[in-house]
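Trainee: Chains as they are written, first to last, in this note's numbering: chain A, 1 to 204; chain B, 205 to 408; chain C, 409 to 612; chain D, 613 to 816.
Sharing a structure here in structure tokens format.
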DNA sequence: TATGAATGAGTCTTCATTCAT
DNA sequence: TATGAATGAAGACTCATTCAT
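Take a look at the structure:
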């Protein structure tokens, strides 16, 4: 639809994204990317100079997606509980679509902390988002709608609960022999469960 | 306690454990292990044949520690809530001492699913633990002490909440510039928070 | 004839052929090939991926040459004896030009039996050649020109007699101190001798 | 029966012999020998200093067996043809019992010509055997019993015809799918065939 | 814009050998 | 007599990157 970028560059980007998400930075080689794209290995470097730069482009995009969703409080005239529910569910769905994303995110910020720089650069955004969210929380706290808490704690709880099922996938598949179909049901239940856990935890 | 094992073997094991935990399997080379130990690279292979075997020895030990703690329901005459609190806190402390462990665990079961085999081997143990835990849950449910739930769900919630702080460490350190000292306080609060979240989530 | 292929690839191929024929697969290292070519060791892998693949390319070509010559019965209007003589002599000359070939051939099919696969692949060819030869033999047998025999037996006799002198070269050179010049004479005599032995062995 | 040598030394020797015959010098490692013997790897070197020396001990013994049998003309009062028949058959049986021996022999004298030194050292023996055999041939030639020929030519023919079946074993087994049982029959036929070929080739 | 060729550095692993005990 | 520990050298192979065209 949109005027597509150079075909090769685009394909390299997409293939790299898929492979990096599947197997991480270290385990994915530029050779492999080139092979899957069907292009010359030098091509990968032609567009992105280094494997590192290629990865960063992909990582930042996904990391932002993974993080910022959590701050998107709706403007609708609905209760705060409803707003939170929406956020949790949306975030959950993003992970569902990119089940390896949480893993990639934490893997990279832990093994290559300089990967965090993009967060520092956008410090203003992330930080302002966080303080904005804290303000909204404060309002609810003063209303007596929720107990004393803070945005960061809440974020971490949401992230952790939302990602756990997907990083545990191999346990379900291999140790517990749970089929894809059964797992879909478990996913649905977990989504509800996570909302329930978070909302309960916030009650005054 | 006993006169330490062969110095080199022990040092290789310890160094490897540290490096594998810090950087994962793929990113740690036997050359690096040898360099840090101060021995020949062939030495690493002398004792452990392959990098894979060396890793497995380390991984299984840690993975078991990470998992089985969650099943150690106390026999004391205390309320179920108290028992759960104890488990959560103990598990939390284990991760606190090995903050990279959760990451290593999920990294490996995701990238090398055959690493799960050790769980299969000990299938009886893990499975019986799980069903034993489920029985205890059932008793409480029938008593009306807690709402309908199951062991696996509960485990996942506990694991996820307990690990999130530690896999997020770089965010606190680098993006939020939170010092080690401040972080210690955050840790203490989080431990209480996790107990609170889990217990509230179980109320009938 | 055509403008020579990429210089490096060609040189690697030629050098590898020489070394493999001289010292066999196991005793020839890619490092050595590279050194003799005067290129980087990675270059060898660049063109042929693995030592195994490089070897196979060389082996199959030579093995086919070694085997198929034996089946090339002439169409000329000459006696069967004359035809056989031609085959033996031609096969002898091929070995003379590649004196290490018989050794390589039997070495590889003995130590790496999967090397025989190329024979299986060309099964139709080899097998049809063999049965075609058997038919021609049968005609001669029925004519009373030769005694009862079969192609396989005959092939083995021809191969063994033709190769023995060349695999025995070190004995002549080192134990019997026979010079290259003297050896040439021995070779000529042996060629006649082999024809004689085979033809006599077939008389009715 | 005989006062057995040190048990370990003996076992190393036997195991090494088996492995060297099966896989050759280069492809057999001292590690492997030690593993099969069930002893320490250093043990192998303790008794034989180097892999080379161990191999030589084994090689010389077998090489002599392989060669000298061909010279053992019987003293019985039987025709020369009968004597030759006996030699061929005995030599054939030796190879039958050690089917990899011909291969090992030619492999080593070709790839490591210094392995021939033992022949040089025992020059007197081998050479005197050869000239003795030549004398006996000369007698027969003058009698008009056989055509003009020489010992070396004859030896080579006998060796080559006798070994060919055994170095071709993989072809029979894998390409022609001939079972061990069927092969036994082929062996018997070949033995007769070889006698026939040699005797016919000598007729005046 | 694109790529085949080339390479230095590094991967894990195996090996024969030595030596102190 | 026997061996566990240790090692330097070499093995095949992969990788990210560069460069001339």
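Beta carbons are placed, not taken as given, at the ideal position from N, Cα and C, and that holds for glycine.
Given a cut-off of 9 Å, decide if residue 405/B and residue 361/B are closer than it, judged by their beta-carbon atoms.
Mentor: yes
Trainee: So the candidates are 284/B, 273/B, 397/B; which of them puts its Cα closest to the Cα of residue 342/B?
Mentor: 284/B
Trainee: Apart from the five residues on each side of it in sequence, which residues of its chain come closer than 7 Å, Cβ to Cβ, to residue 424/C?
Mentor: Closer than 7 Å at the Cβ level, and outside the excluded window around residue 424/C, lie 441, 462, 466.
Trainee: According to DSSP, is residue 231/B part of a helix, a strand, or is it coil?
Mentor: helix
Trainee: Which term fits residue 816/D, buried or exposed, when burial requires 16 or more other beta carbons within 10 angstroms of its beta carbon?
Mentor: exposed
Trainee: Would a check of beta-carbon distances place residue 801/D closer than 9 Å to chain C?
Mentor: yes
Trainee: Are the segment 566-578 of chain C and the segment 498-506 of chain C in contact at 8 Å, needing three or more beta carbon pairs?
Mentor: yes
Trainee: Residue 21/A and residue 62/A: beta carbons closer than 9 Å?
Mentor: yes
Trainee: Looking at the unbroken alpha helix (DSSP H) that takes in residue 518/C, where does it start and where does it end?
Mentor: 509-519
Trainee: Got a sec? Which residues, its chain only, sit under 6 Å from residue 728/D by beta carbon, not counting five neighbours each side?
Mentor: Leaving aside the five residues that flank residue 728/D on each side, the residues in its chain whose CB is nearer than 6 Å to its CB run, in chain order, 721.
Trainee: With distances taken from CA atoms, which of 166/A, 24/A, 177/A is nearest residue 112/A?
Mentor: 24/A
Trainee: Of all the residues that make up the segment 335-358 of chain B, which are near chain A by a beta-carbon distance shorter than 9 Å?
Mentor: 353, 356, 357
Trainee: Taking the alpha-carbon positions, what's the residue 276/B to residue 247/B distance?
Mentor: Answer to the nearest angstrom: the Cα atoms are 39 Å apart.
Trainee: List, in chain order, every chain B residue whose beta-carbon is nearer than 7 Å to that of residue 200/A.
Mentor: Under the 7 Å cutoff, chain B gives 404, 405.
Trainee: In angstroms, rounded to a whole number, what distance separates the CA positions of residue 186/A and residue 372/B?
Mentor: 26 Å
Trainee: Can you grab the Cα-Cα spacing for the pair residue 642/D / residue 383/B, in whole Å?
Mentor: 57 Å
Trainee: Quick one: Cα of residue 41/A to Cα of residue 51/A, how far?
Mentor: 11 Å
Trainee: Please check if any C-beta of chain C sits within less than 9 Å of the C-beta of residue 773/D.
Mentor: Residue 773/D counts as touching chain C.
Trainee: Counting only beta-carbon separations shorter than 9 Å, does residue 400/B have a partner in chain A?
Mentor: yes
Trainee: To which residues of the same chain is residue 811/D closer than 6 Å at the C-beta, ignoring the five residues directly before and after it?
Mentor: 693
Trainee: What residue from 660/D, 778/D, 767/D has the CA that sits closest to residue 625/D's CA?
Mentor: 660/D
Trainee: Could you give the first and the last residue of the continuous alpha helix (DSSP H) run that contains residue 684/D?
Mentor: Element bounds for residue 684/D: n/a, residue is neither H nor E.
Trainee: Is it buried or exposed, residue 239/B, if we count other Cβ atoms within 10 angstroms and call 16 or more buried?
Mentor: exposed
Trainee: List the residues of chain C that residue 638/D touches, going by C-beta distances under 7 Å, in chain order.
Mentor: Chain order gives the chain C residues near residue 638/D as 434, 435, where near means a beta carbon separation below 7 Å.
Trainee: Between which two residues does the alpha helix (DSSP H) containing residue 582/C stretch?
Mentor: Per DSSP, residue 582/C belongs to no alpha helix (DSSP H) and is neither H nor E.
Trainee: Can you find a CB in chain B that lies within less than 9 Å of the CB of residue 100/A?
Mentor: yes
Trainee: Once DSSP output is grouped into helix, strand and coil, what is the label at residue 281/B?
Mentor: In this structure, residue 281/B counts as coil in the three-state DSSP scheme.
Trainee: Does the beta-carbon distance from residue 189/A to residue 88/A come in below 9 Å?
Mentor: no
Trainee: Compile a chain-ordered list of the residues in the segment 627-657 of chain D whose CB is closer than 8 Å to at least one CB of chain C.
Mentor: Taking 8 Å as the Cβ-Cβ cut-off against chain C, the residues of the segment 627-657 of chain D that qualify are 635, 636, 638, 639.
Trainee: Using three-state DSSP, classify residue 536/C as helix, strand or coil.
Mentor: helix
Trainee: Can you check whether the CB of residue 710/D is closer than 9 Å to the CB of residue 682/D?
Mentor: no
Trainee: Around the Cβ of residue 719/D, are there at least 16 other Cβ atoms within 10 angstroms (buried) or fewer (exposed)?
Mentor: buried
Trainee: Excluding sequence positions up to five away, which residues of its chain have a Cβ less than 6 Å from the Cβ of residue 154/A?
Mentor: none
Trainee: Name, please, each residue of chain B whose Cβ falls closer than 7 Å to the Cβ of residue 193/A.
Mentor: Simply 357.
Trainee: How far does the alpha helix (DSSP H) with residue 116/A in it reach, from first residue to last?
Mentor: In the DSSP annotation of this structure, residue 116/A is not part of any alpha helix (DSSP H), being labelled neither H nor E.
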